[in-house]
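Below is one structure, written out as structure tokens, with a few remarks after it.
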Amino acid sequence: LVLGLLGISDLQSDERARELADVDMALLTDELPPQAFADPGFIQFLQKDE
Amino acid sequence: MNTVHNLSQIQAESCLVGLARHAPGLRAALLALVWPALLLSSHAQAEETQPTSSPPAVSKPATAALPQPASGSSWHRLGQSQRQALAPLAAAWDSLSPAHKRKWLEVSKNYPTLGQSEQAKMHERMTEWAALKPQERAQARLNFGKTAEISKELTPAEKLAKWQAYQALPSEQRQELSDKAKTRPLGAAPAVKPVPAQKLAVVPPVTTAKAIKSGDVPATAAEPAASN
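Structure (structure tokens):
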């Protein structure tokens, strides 16, 4: 049971790491720098502009 | 809950001792099999009983004391291609958390599929991205998804022009926009990435819903709405 639970937990961590890696790669190769997304004001600016 | 757990642990231990008395040869084998499980369960219980509202700074020393997984724990144990992909993180690698390392190792798998200019861009941005706090990164990922949604009709050059226009704003105005974003009510835990459209339930049109209610439509017609 313990080994099974550890296995499931490991699989979930792998899945989560893959999802984060996919998003991070897209974010880091975007035309905008990461600061643009880390700045909460920019998205407000875009929404206002829209 | 704790008492029940402790009782079951004591019972398991006393059972072990009883068995070992009758068959002394089994003692070592039984202890080797059951002891790690008991230790793991008590460790899980200790984590479970920690207050969830405690600030991360308090729980940090406890996690730092835990042994790190052997895979990829040290920079020198990484493969040549992994080291090449993660070169900007070489200095900070050993200070990263196991989960953070795991994510970067996943990134290193896809790194060779990128073009040269994208690889260079990623290397340039990697250090500052890794230096952000986990909460800031989570917020940036969320904003990335929202920005993609808002600016899907914009060309890359237009998006860049918007960012430059935002940076050109007076600092008071930018601060005002940031404050406005912070005051917005937050929902539940932020999603890692936007949910794909095909995963969302399709809401049946009003007329169909009325028809189902009155029993005019056969059961097969109602299936797509019920399947999600």
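First to last, the sequence lines map onto chains A and B.
Position 23 (the first sequence) corresponds to 23 in my numbering; numbering is contiguous.
Position 12 (the second sequence) corresponds to 1012 in my numbering; numbering is contiguous.
For each residue, glycine too, the CB sits at the ideal point set by N, CA and C.
Anticipated Cβ contact below 8 Å, residue i with residue j, distance rounded
{"i": "residue 1161 of chain B", "j": "residue 43 of chain A", "result": "At roughly 16 Å, the Cβ-Cβ gap does not stay under 8 Å, so residue 1161 of chain B and residue 43 of chain A are not in contact."}
{"i": "residue 1141 of chain B", "j": "residue 28 of chain A", "result": "Going by Cβ atoms, the distance from residue 1141 of chain B to residue 28 of chain A rounds to 11 Å, so no, they are not a contact pair."}
{"i": "residue 9 of chain A", "j": "residue 1099 of chain B", "result": "Residue 9 of chain A to residue 1099 of chain B, Cβ: 12 Å. No contact."}
{"i": "residue 1088 of chain B", "j": "residue 1126 of chain B", "result": "4 Å"}
{"i": "residue 32 of chain A", "j": "residue 1129 of chain B", "result": "Incorrect: roughly 13 Å between the Cβ atoms, too far for contact."}
{"i": "residue 1178 of chain B", "j": "residue 41 of chain A", "result": "4 Å"}
{"i": "residue 1147 of chain B", "j": "residue 45 of chain A", "result": "The Cβ separation is near 10 Å, so there is no contact."}
{"i": "residue 1110 of chain B", "j": "residue 25 of chain A", "result": "6 Å"}
{"i": "residue 1106 of chain B", "j": "residue 18 of chain A", "result": "5 Å"}
Beta-carbon neighbours of residue i, restricted to chain B and to distances below 7 Å
{"i": "residue 44 of chain A", "result": "1177, 1180 and 1181"}
{"i": "residue 31 of chain A", "result": "1156, 1159 and 1160"}
Residues near residue i by beta carbon distance below 6 Å, same chain, minus five either side
{"i": "residue 1108 of chain B", "result": "1082, 1085 and 1086"}
{"i": "residue 1159 of chain B", "result": "1151"}
{"i": "residue 47 of chain A", "result": "none"}
7 Å CB neighbourhood of residue i in its chain, flanking five on each side removed
{"i": "residue 1094 of chain B", "result": "1074 and 1075"}
{"i": "residue 2 of chain A", "result": "none"}
{"i": "residue 34 of chain A", "result": "27 and 28"}
{"i": "residue 1117 of chain B", "result": "none"}
Listed by chain order, chain A residues near residue i by CB distance under 8 Å
{"i": "residue 1107 of chain B", "result": "21, 24 and 25"}
{"i": "residue 1198 of chain B", "result": "Correct list: empty, because the minimum Cβ distance to chain A is about 17 Å."}
{"i": "residue 1102 of chain B", "result": "13, 14 and 17"}
{"i": "residue 1201 of chain B", "result": "Chain A residues near residue 1201 of chain B: none, gap ~21 Å exceeds 8 Å."}
Residue i: contacting residues in chain B (beta-carbon distance under 9 Å)
{"i": "residue 41 of chain A", "result": "1166, 1169, 1173, 1174, 1175, 1176, 1177, 1178, 1179, 1180 and 1181"}
Contact set for residue i: own chain, Cβ-Cβ below 8 Å, skip 5 residues either direction
{"i": "residue 20 of chain A", "result": "none"}
{"i": "residue 1112 of chain B", "result": "1081 and 1085"}
{"i": "residue 1114 of chain B", "result": "1122"}
{"i": "residue 1092 of chain B", "result": "1127, 1130 and 1131"}
{"i": "residue 6 of chain A", "result": "none"}
{"i": "residue 1175 of chain B", "result": "none"}
{"i": "residue 1090 of chain B", "result": "1075 and 1083"}
Interface partners of residue i on chain A, CB under 7 Å
{"i": "residue 1082 of chain B", "result": "Ordered by position in chain A, no residue passes the 7 Å Cβ test against residue 1082 of chain B, which lies about 13 Å from the chain."}
{"i": "residue 1092 of chain B", "result": "Simply none; closest approach about 15 Å."}
Chain-ordered neighbours of residue i on chain A, where CB pairs are closer than 9 Å
{"i": "residue 1085 of chain B", "result": "Simply none; closest approach about 11 Å."}
Residue from the options whose Cα sits closest to the Cα of residue i
{"i": "residue 1104 of chain B", "options": "A:3, A:1, A:16 and A:32", "result": "A:16"}
{"i": "residue 1134 of chain B", "options": "B:1097, B:1110, B:1124 and B:1147", "result": "B:1097"}
{"i": "residue 1155 of chain B", "options": "A:30, A:23 and A:39", "result": "A:30"}
{"i": "residue 1139 of chain B", "options": "A:49, A:7 and A:23", "result": "A:23"}
{"i": "residue 1136 of chain B", "options": "A:4, A:50 and A:39", "result": "A:39"}
Residue-chain proximity (residue i, chain D), Cβ-Cβ < 8 Å
{"i": "residue 1120 of chain B", "result": "Structure shown: chain D not included; protein chains present are A and B."}
Tell me which residues of the stretch 1141-1174 of chain B have at least one Cβ-Cβ distance to chain A shorter than 7 Å, keeping chain order.
1141, 1143, 1144, 1146, 1147, 1150, 1151, 1156, 1159, 1160, 1162, 1163, 1166 and 1174
- Using a Cβ-Cβ cut-off of less than 7 Å, give me the residues of the stretch 1110-1134 of chain B that come near chain A, in sequence order. 1110, 1114, 1118, 1121, 1122, 1125, 1126, 1128, 1129 and 1132
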